[in-house]
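Those letters in the sequence shown? Residues 158 to 278, by the numbering used here.
Every residue gets a Cβ at the ideal spot worked out from N, C-alpha and C, and that includes glycine.
Heads up, the thing below is written out as structure tokens.
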Amino acid sequence: MKKSIYYYFAVISIMYILSALILCIAAALIWKTHASEGAVSASVVMAYIISNFAGGFLAGKKAEKHKFIWGIAVSVIYFTIIILAGVWFMGCRLSVNPQVVGNALICVVSGMFGGMFAPAK
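Following this line, the structure appears as structure tokens:
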């Protein structure tokens with residue numbers, strides 16, 4: 158059981174590292190090209206999709222059954238930590254608006270697909 162917990166902790170850590178790398182590359186490209194605000198939003202969504210798909214894939218690879226649920230689980234944890242960190246560091250209230258719900262759905266669906274495409278053991 159402990160090995161599983163450590164594995165999923167590592168998966169979520171990999172998701173954050175992958176997100177940070179994607180966002181750093183995107184920031185450099187946006188800075189060099191003087192891209193618009195839309196490029197910033199697109200790069201954040203791209204980071205969500207790629208990192209949650211990868212996390213769902215790794216989580217599903219470990220699971221023997223219900224791989225898509227494990228993909229959803231790691232994505233929910235990933236997005237929950239992002240939301241809580243935002244509330245903590247920004248010192249604001251949590252408000253549910255369409256953008257937050259949309260981003261949560263992007264994370265969950267990406268993780269679910271990652272889990273679904275993971276190969277069986």
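Discussion item. Between which two residues does the alpha helix (DSSP H) holding Glu194 run?
Written reply: In the DSSP assignment, Glu194 falls within the alpha helix (DSSP H) that extends over Glu194 to Lys219.
Discussion item. If you reduce the DSSP assignment to three classes, tell me which class Phe260 lands in.
Written reply: A small fix is needed here, since residue 260 is Asn in this sequence, not Phe. Reduced to three states, the DSSP call for Asn260 is helix.
Practice prompt. Please go through the same chain and pick out, in chain order, the residues whose beta-carbon is closer than 7 angstroms to the beta-carbon of Tyr165, but skip the five residues on each side of it.
Written response: Taken in chain order, the residues that qualify are Ala216 and Val231.
Worksheet item: Would Val168 be called buried (16 or more neighbouring beta carbons within 10 Å of its own) or exposed?
Response: Val168 should be labelled buried.
Fill in: Boundaries of the alpha helix (DSSP H) in which Lys224 is found, first to last residue
Its alpha helix (DSSP H) spans residues Lys224 to Met247.
Worksheet item: Does the separation of the CB atoms of Ile187 and Val197 fall below 8 angstroms?
Response: Yes, these two residues count as a Cβ contact at 8 angstroms.
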